[in-house]
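Count along the sequence shown starting at 1, add 266, and that's the number in the numbering used here.
All C-beta atoms in this analysis are idealised placements derived from N, C-alpha and C, irrespective of residue type, glycine included.
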Amino acid sequence: MKQSLLFIFFLLITTAVVAQKNGIVKGIAFDTISRQPVAAATISVLEKKDSSLVTFTMTGSDGRFELRGLANGEYRLLLTHVNYHNSNKYFTISDSSKTIDMGNLAISDKTKVLEEVVLAAEAPPITMINDTIQYNAGSFKVQPNANVEDLLKRLPGVKVEKDGTIKAQGEKVNRVLVDGKEFFGNDPKIATKNLPADAVDKVQVYDRQSDQAQLTGFEDGNYEKTINLKLKKDKKKGLFGKAMAGAGTKERYEGRFNVNSFKGARQLSAIGMGNNTNAEGFSFMDILNFTGELARMQRAGGGNININLSADDAAAMGVSAGGRNSGINTTWGGGLNYNNIIGNKLDFQSNYFYNRFNPKQESSIERQYFLPDSSYFYRQNTLSDNLSNNHRLNLNLLYQIDSMNSLRITPSFSYQKTNNRSQSDYQTLSEDKILANTGFSNTTSNNEGYTFRNEAIWRRKFARKGRTFSLSLQTSLNESDGDGSLSSINSFYNPNGSLLRRDTLNQQNVSESDLKGYTARAVYTEPVFKKSLLELSTSRSNTKSTSQRKTYDFNKGNGKYDQLNNMLSNNFENTYGFTNGGLRIRTQKKKYNYAVGVTWQQAELEGKIISGIKDSTISKTFHNWLPNARFQYNFTRFKTFTLSYNTSTNQPTMSQLQPVPDISNPLNIRDGNPDLKQEFMHTVQGNLTLVSPYKNKNMFLFFTLQSTQNKIVNYDTVNQLGVKRTKPVNVNGVYNLNGNISYSMPVRFLKGTVEITSRTGYFKSKQFINGSGNDIKTLSFGPELRFDMNPTEKVNVAIGASVSYNNTRYSLRPELNTKNISQEYNASTDWQLPKRFFLSTDFTYTINSQRAAGFNLEVPIWNASISKQFLKFNRGELKLSARDLLNKNIGISRNTNNNYIEDSRVLTLRRFFQLSFTYSLSKTGLNNAGGGGMRVIAR
């Protein structure tokens, strides 16, 4: 199988090389009046007979261009620029004339000569508008009924990952706007997965400055890669969108819709979906993040303090090992989005979401734990059935009081109700595979609660440029109630295999929690010297949370749960606050800018724990000086180098500080440590961005180094029965280093692009096991190669390969050092057949090695579909899809932790077939599936 895949891969590459064209056209674009070269002009080569686009490029800073890989034939060269009139030249490539030198091509400035009619069909594929790269959507072929995500995959310099994450010029896109407005909040995937591609006229990619930089007019280096989707004019009249419904074998079903009505500044959209096929219609990660409110409120102004709510040392290195869509998920959801300009001063944006998520999972794990002189094994099988219902309402109101003052208010309200059920059986074995303990547990938990958050920001500009004042107030309120049950049987064995004892638990619990908090922040900026800006800031934050939990044991006498278990019942009261003041000076020169600053901060953490065993009060005060610095050098508009240094702290949590042990899990008892110190992190980041939009060549390098003083790690003690007792302690010498590099360029003979990426990571941590220190060092490496090709206007092909390598070393037990490799090879194609038929297929082959027995699997996943367009304007589409044709899907992964290696297996959705019907409210048609304009055959 491996040899066949490699043969197919190299056959495709060889075929493309043989078909290589070697015609060349070159020249120089210059202004007819100034006689100066014109940079960033788009050079398009079109077939003379039908004006279909063959290839394109952009002129460099010297006005020069060169296009290679042209076959023999007659062509038209179209030269376009946003500030100039179009220019056309005809040429022929033949065996006797392979290189055509156009010489100097003169173009006329629109502002200095009379206007002329420009045909919309000749809009260039790419245009440079200041620092914005603008793509003409109509120049990039997508299938009918495609969404915006499919369109973005066709754009040079833009990449869409498997999970829907978007990258442009090597950087992650965090915001997608529709005509300059947010679409269902700030999740980019909602717009890209739901809006139809044929509604888009232009795609604009740019670096959005921070609100503070826009206010002051001084760059602060905080850019956000942003995509703005400009809709076609005809889409701002009436309705557009589409609806899909499908049913399949094994009782699978899937449906989704989106309906949009845009008119001027008013935007109204509705989306909905329901399926049990693990399909992701839109993301609800922010809705599902119902907990963790304390962490958000305890984050200091300016990002200087973070509260880590996890009691574990999160040093695990996870490696996916094949398979898709773990578990069987049933999802229903919908949402409304309404944006408008009310009057002339109020920008109103709003959205509402509902989501019903029901994941069912069947999983098994196998761990090998390390001790100083031995090891032991842990195995667990789990069945879970969870259900959550979520509602969320977001508002964003920007009131422009006058030209100098503005007020933004962003309230949000969310409600969540969850019901979780799980059953587990587990066992612990010694190094000699002698049984130490076995157990079974059945747990339930039901929770209901809400969260309200609001932020109000007043900003004022003064007459002097750079002098500003802003005042913000964040408030938060959270309440939740819950109940649950636990029934378990744990058996412990002597070394000779005889039963030592058996513990039985049969309990119910009820809980209540609430949180109230605020953060106030004031920032004043003042221009100093000629090119510098002084920033003064101060913040005050306070958060109070309470939690009450009562656990009742089963009373055999009356059959009720009325015996209070004092050891597992407690009340928590937690108050966290900080006060800080900061000073920063920013300097902006023509080629570079830099900023240096320091923040002083005092934080207080107070807690009261009332339990049936021992009451305790905890009070901690932390004082810190937190310096920061940043430098950016701009070689050109699209070539930059940035280096930054930041410091931050993590405070120990109340559960880590409390002296009362947590015995809720009899196999894993947790002790607190009142003497814990706060973590102090030093972070250095650097990135080099080399983007050539003229030639579609991009290079992106990034590294981050973080060193942590007083890192909180675990001190574990494991007895012969396999019971672990964990206590947090502070250590030094913990650091991690990560680096990424990405390079992409056009390959003319492949009629597409090639991208090479690689990630490298090195992590060093420490843990204690039965009194002995254990240094953990993990090295990870992952190169990836990908080709995207468009051999003809009707065929798109993508081929990729990647390797993931992980090597973990333990100082305590070097003989148990581990390394594993995962390889993935994938290929996909979209093919437009005659008579409006369309064929799509993708194949992924994953090879796992050097894992535990039963986990070294080779996983081939093959999906395919064929569809047919019909009805008037081709609005209807009937599609037959096959998922996992080979019925080989399986979810396995390996995690390397501080003192164990874990292999896991999760039940996955396997082979099924589905027939679906899609109806478009737009007149998509076969000839304008991707919008109007020239078609790109090769990039």
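#1: Going straight from the alpha carbon of Gln1180 to that of Gly521, what length do you get?
#2: Of the residues Val776, Ser1038 and Thr865, which one's Cα is nearest the Cα of Val789?
#3: Please classify Glu448: is it buried, with 16 or more other beta-carbons within 10 angstroms of its beta-carbon, or exposed?
#4: Residue ranges of each beta strand (DSSP E) run of no fewer than 3 residues wholly in the stretch 445-489, ordered along the chain?
#5: With Asp416 as the anchor, note down where its alpha helix (DSSP H) starts and where it stops.
#6: How would you call Gly763, buried or exposed, if buried means at least 16 neighbouring beta carbons within 10 angstroms?
#7: Near Tyr638, what residues of its chain come up, given a Cβ to Cβ distance below 7 Å and the 5 sequence neighbours on each side ignored?
#8: Check Lys699 in the structure and name its three-state DSSP category.
#9: Kindly indicate which three-state DSSP category Arg1014 falls into: helix, strand or coil?
#10: Rank Phe1109, Gln1135 and Tyr1076 by C-alpha distance to the C-alpha of Ser641 and give the top, closest one.
#11: Output the residue ranges of the beta strand (DSSP E) runs that lie fully inside the stretch 892-968 and measure 3 residues or longer, sorted by chain position.
#12: Go through its chain and collect everything with a Cβ distance to Tyr665's Cβ below 7 Å, but skip five positions before and after it.
#13: With a threshold of 16 other CB atoms inside 10 Å of the CB of Asn756, please say whether the residue is buried or exposed.
#14: Can we count Gly825 as close to the ligand GTP, meaning its CB is less than 6 Å from some heavy atom?
#15: Nearest CA to the CA of Ala895: which residue from Tyr860, Phe406, Asp881 and Thr1019?
#16: Closest to Gly538 by CA distance: which of Ile456, Ser616, Leu497 and Ile1113 is it?
#17: In terms of residue numbering, what span does the beta strand (DSSP E) encompassing Asp1054 cover?
#18: Give the C-beta separation of Gln533 and Leu1173 to the nearest angstrom, bearing in mind that I take them to be a contact with Cβ-Cβ under 8 Å.
#19: Just mark Val283 as buried or exposed, buried being the case when its beta carbon has 16 or more other beta carbons within 10 Å.
#20: Restricting to Cα atoms, I'd like to know which of Asn655, Phe643, Asn1163 and Asn603 is closest to Phe623.
#21: So what's Pro761 in DSSP terms, helix, strand or just coil?
#22: What is the DSSP secondary structure of Asn832, reduced to helix, strand or coil?
#23: Beta strand (DSSP E) containing Glu632: first to last residue?
#24: Determine the direct distance from the alpha carbon of Ala372 to that of Leu343, and round the result to whole angstroms.
#25: If you scan the stretch 659-725 from start to end, which runs of the alpha helix (DSSP H) of 4 or more residues do you find wholly inside it?
#26: Compute the Euclidean distance between the alpha carbons of Asn652 and Asp500, then round it to the nearest angstrom.
#27: Ignoring anything shorter than 4 residues or poking outside the stretch 1057-1095, list the alpha helix (DSSP H) runs there in chain order.
#28: Taking all protein chains shown into account, do 16 or more other C-beta atoms lie within 10 angstroms of the C-beta of Asp941, making it buried, or fewer, making it exposed?
#29: Classify Ile395: buried if its beta carbon has 16 or more other beta carbons within 10 angstroms, exposed otherwise.
#30: Can you tell which of Met1055, Ile290, Ser711 and Phe728 has the C-alpha that lies nearest to the C-alpha of Leu336?
#31: Counting only the same chain and skipping the five closest in sequence on each side, list residues whose C-beta sits under 6 Å from that of Lys507.
#32: Under a Cβ-count criterion, where at least 16 other Cβ atoms within 10 Å of its own Cβ denotes burial, should Glu697 be classed as buried or exposed?
#33: How big is the Cα-Cα spacing for Leu766 and Phe758?
#34: Do you know whose CA, among Ser1024, Asn980 and Asn953, lies nearest Leu971's CA?
#35: Tell me which same chain residues have a C-beta within less than 6 Å of the C-beta of Thr992, skipping the five on either side of it?
#36: For Arg719, is the classification buried or exposed, using 16 other Cβ atoms within 10 angstroms of its Cβ as the cut-off for buried?
Per the coordinate set shown:
#1: Cα to Cα, Gln1180 sits roughly 11 Å from Gly521.
#2: For Val789, the nearest C-alpha among the options comes from Thr865.
#3: buried
#4: If we require 3 residues or more, the beta strand (DSSP E) runs fully inside the stretch 445-489 come out as 466-475.
#5: Val414 to Lys419 is the extent of the alpha helix (DSSP H) around Asp416.
#6: exposed
#7: With the sequence shown as reference, residue 638 is identified as Pro, and Tyr is not the correct amino acid for it. Closer than 7 Å at the Cβ level, and outside the excluded window around Pro638, lie Ile1035, Asn1036, Ser1038 and Leu1078.
#8: coil
#9: In the displayed model, Arg1014 falls within a helix according to three-state DSSP.
#10: When each option's Cα is compared against that of Ser641, the closest is Tyr1076.
#11: With a minimum length of 3 residues, the continuous beta strand (DSSP E) runs that stay inside the stretch 892-968 are 905-917, 934-936 and 945-958.
#12: Lys611, Leu612, Ser672 and Leu673
#13: buried
#14: As far as ligands go, the structure on display features none, and thus does not contain the ligand GTP.
#15: Tyr860
#16: When each option's Cα is compared against that of Gly538, the closest is Ile456.
#17: Asp1054 -> beta strand (DSSP E) spans Ser1038 to Thr1058.
#18: The pair is not a contact, with the Cβ atoms about 41 Å apart (cut-off 8 Å).
#19: Confidence at Val283 is low in this model, with a pLDDT of 43, below 50, so the placement of that residue should be treated as unreliable; the coordinate-derived value is given next. Exposed, because fewer than 16 other Cβ atoms sit within 10 Å of the Cβ of Val283.
#20: Asn655
#21: coil
#22: helix
#23: Note, Glu632: beta strand (DSSP E), Leu612 to Phe636.
#24: 13 Å
#25: none
#26: Going by the C-alpha atoms only, they are around 44 Å apart.
#27: Counting whole runs of 4 or more residues, the stretch 1057-1095 contains no alpha helix (DSSP H) stretch at all.
#28: Asp941 comes out exposed.
#29: Ile395 should be labelled exposed.
#30: Ile290
#31: Residue identity check: residue 507 is Gly in the sequence provided, not Lys. The residues are Asn524, Val525, Asn526 and Leu1187.
#32: Taking all protein chains in view, the Cβ of Glu697 is surrounded by fewer than 16 other Cβ atoms within 10 Å, so the residue is classified as exposed.
#33: 5 Å
#34: Asn953
#35: Arg936, Asn980 and Asp982
#36: Buried, because 16 or more other Cβ atoms sit within 10 Å of the Cβ of Arg719.
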